[in-house]
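A.B. asks:
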Amino acid sequence: MTEAPGNEPEHKDEKWITTDSRILSDEELKMLQKQDQKLVTEFKRNKLELEAGRYWDLFYKRNSTNFFKDRHWTSREFEEIKRMLSENRQVKLLEAGCGVGNAFFPMLEECSNLYVYACDFSPRAVQFVRDNPMYSSERCTAFLCDLSCQNLDATIPPNSLDVVTLIFALSAIHPDKFAFVLESIQNVLKPSGYLLFRDYGIYDWAMLRFSPGSKISENFYVRQDGTRAYYFAKETMEMLVKKTGFRVVSNEYVMRETINHKKNIKVPRVFLQGKYQKESR
Numbered sequence: 001m002t003e004a005p006g007n008e009p010e011h012k013d014e015k016w017i018t019t020d021s022r023i024l025s026d027e028e029l030k031m032l033q034k035q036d037q038k039l040v041t042e043f044k045r046n047k048l049e050l051e052a053g054r055y056w057d058l059f060y061k062r063n064s065t066n067f068f069k070d071r072h073w074t075s076r077e078f079e080e081i082k083r084m085l086s087e088n089r090q091v092k093l094l095e096a097g098c099g100v101g102n103a104f105f106p107m108l109e110e111c112s113n114l115y116v117y118a119c120d121f122s123p124r125a126v127q128f129v130r131d132n133p134m135y136s137s138e139r140c141t142a143f144l145c146d147l148s149c150q151n152l153d154a155t156i157p158p159n160s161l162d163v164v165t166l167i168f169a170l171s172a173i174h175p176d177k178f179a180f181v182l183e184s185i186q187n188v189l190k191p192s193g194y195l196l197f198r199d200y201g202i203y204d205w206a207m208l209r210f211s212p213g214s215k216i217s218e219n220f221y222v223r224q225d226g227t228r229a230y231y232f233a234k235e236t237m238e239m240l241v242k243k244t245g246f247r248v249v250s251n252e253y254v255m256r257e258t259i260n261h262k263k264n265i266k267v268p269r270v271f272l273q274g275k276y277q278k279e280s281r
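full-length UniProt numbering puts the first residue of the sequence shown at 1, with every later residue one more than the last.
1. Rounded C-beta distance between L93 and C119? I'm assuming under 8 Å.
2. State the Cα-Cα distance for the pair L24 and F105, rounded to the nearest angstrom.
3. Pop quiz: S148 and V188 are said to be a contact at Cβ under 8 Å. What is the actual Cβ separation, rounded to whole angstroms?
4. Taking N187 as part of the alpha helix (DSSP H), name the residues at either end of that continuous run.
5. Looking only at its own chain, which residues have a Cβ that is under 7 Å from the Cβ of T227, when we skip the five neighbours before and after it?
6. Quick check: the region 205-215 against the region 27-45, are at least 3 beta-carbon pairs closer than 8 Å?
7. Hey, would you say L196 sits closer than 8 Å to E80, going by beta carbons?
8. Pair every Cβ in the region 190-207 with every Cβ in the region 123-140, then say whether three or more of these pairs are closer than 8 Å.
9. Can you look up K12 in the DSSP assignment and give me helix, strand or coil?
10. Per DSSP, which one or two residues make a beta bridge with Y115?
11. For F220, which of helix, strand or coil comes out of DSSP?
12. Which ranges does the beta strand (DSSP E) cover as unbroken runs of at least 3 residues, wholly within the region 222-269, from first to last along the chain?
13. Using a 10 Å radius around the Cβ and a threshold of 16 neighbouring Cβ atoms, would you call R269 buried or exposed?
14. I need the straight-line Cα distance from K234 to V249, nearest angstrom please.
15. Can you tell me which of the three DSSP states Q33 falls into?
16. Answer with buried or exposed for I265, where buried requires no fewer than 16 other C-beta atoms within 10 angstroms of its C-beta.
17. With burial defined as no fewer than 16 other Cβ atoms inside 10 Å of the residue's Cβ, what is the status of Q224: buried or exposed?
18. Keeping to the same chain, check which residues put their C-beta closer than 8 Å to that of H261; ignore five residues upstream and five downstream.
19. Determine the direct distance from the alpha carbon of F168 to that of G97, and round the result to whole angstroms.
20. Assuming F43 is part of the alpha helix (DSSP H), what are its boundary residues?
21. Whole angstroms is fine: what's the gap from E10's alpha carbon to K275's?
22. Work out the CA separation of L170 and K61 for me, nearest whole Å.
23. Here's the rule: buried if 16 or more other CB atoms are within 10 angstroms of the residue's CB, otherwise exposed. What is Q186?
24. So what does I167 bridge to, in DSSP terms?
25. Rounded to the nearest angstrom, what separates M134 and E109 at their Cα positions?
This is how it looks when you write it as structure tokens:
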């Protein structure tokens, strides 16, 4: 297993923003080429797709809520959230693929004018959210939803949300389903509403570390626990959001160098962060 899925730590290491992807060393190129020597079989690919929800539910069964760190950086990195919450009105937000609620609970605690919808396709994750002491049905609706095949407007009124956050969630879904997910999100956003995105970027160290037999398709891998991870190129995400009715406000790589103290090496981390606005009609 390359890393704990869906749990990016708060970093204190060097960070920089760029529109360019990482340039790989010869050794790293060989690591990628080696992955192509043995791909995931068609039988296993189909099994992983059919049982994707079960693998994530088992992941949450193994890890209590204490395993995850609150993401206080969410409102810090996305100024649109701070600006909206400073206005004298109710702000409605959806956390799509909410996990145990680490991204939205800090905001819910700080901002009395925030109402949150939160969904995940793991029943156990949704229950963790509902069991959180900060959860209140007056300010939050947590519900089960497989974003890859279920429409959000079955629970959320169309054109009603100010902002949707999609944080380390889309990467867990088969790339063939990305357009469906984005169209579903677009449908529940208000005109000019924002989709705020952060996920794994192409050539992230975790991507390079996958061994032969882990690669499903281009940039798409399976971890040892059966959960999957897609690594996004900036151009891929830009094309997807434009096709589904969004305007690109920003779309850039967040690069970090963290230190692996056990091996005494610097580890290059790459994330893709984007702000996309629903086109007004």
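Every residue, glycine too, gets a C-beta built ideally from N, C-alpha and C.
Fair warning: this is a prediction, and the values are worked out from it, not measured in the lab.
C.D. replies: The short version:
1. In fact, because the Cβ distance is near 12 Å, the residues do not count as touching under 8 Å.
2. It is roughly 37 Å from the alpha-carbon of L24 to the alpha-carbon of F105.
3. Not quite, the Cβ-Cβ distance comes to about 16 Å (not below 8 Å), so this is no contact.
4. Where N187 is concerned, the enclosing alpha helix (DSSP H) stretches over F178 to V188.
5. For T227, same chain residues with a beta-carbon under 7 Å away, outside a window of 5 residues either side, are P5, Y55, W56, F59 and A172 in chain order.
6. Cβ pair count under 8 Å is three or more, so yes.
7. Yes, Cβ-Cβ distance for L196 and E80 is below 8 Å.
8. Contact fails between the region 190-207 and the region 123-140, because fewer than three Cβ pairs, one in each stretch, are under 8 Å apart.
9. With a pLDDT of 48 at K12, under the threshold of 50, the modelled position of this residue cannot be trusted; read the value that follows with caution. Coil at K12, not helix or strand.
10. BP columns for Y115 point to K92.
11. The three-state secondary structure of F220, taken from DSSP, is strand.
12. Fully enclosed beta strand (DSSP E) runs of 3 or longer: 228-230 and 246-260.
13. Taking every protein chain shown into account, the CB of R269 has 16 or more other CB atoms within 10 angstroms, so this residue is buried.
14. K234 and V249: Cα-Cα distance of roughly 13 Å.
15. It is helical.
16. So I265 ends up on the exposed side.
17. Exposed, by the Cβ-count rule.
18. Closer than 8 Å at Cβ, skipping near neighbours: no residue.
19. Rounded to whole angstroms, G97 to F168 spans 8 Å at the Cα level.
20. Note, F43: alpha helix (DSSP H), E42 to L50.
21. With a pLDDT of only 45 at E10, under 50, the local geometry of the prediction cannot be trusted, and no value is derived from it.
22. Spanning the two alpha carbons is a distance of roughly 21 Å.
23. Buried, by the Cβ-count rule.
24. Note: I167 sits in a beta bridge opposite R198.
25. M134 and E109 have their C-alpha atoms roughly 7 Å apart.
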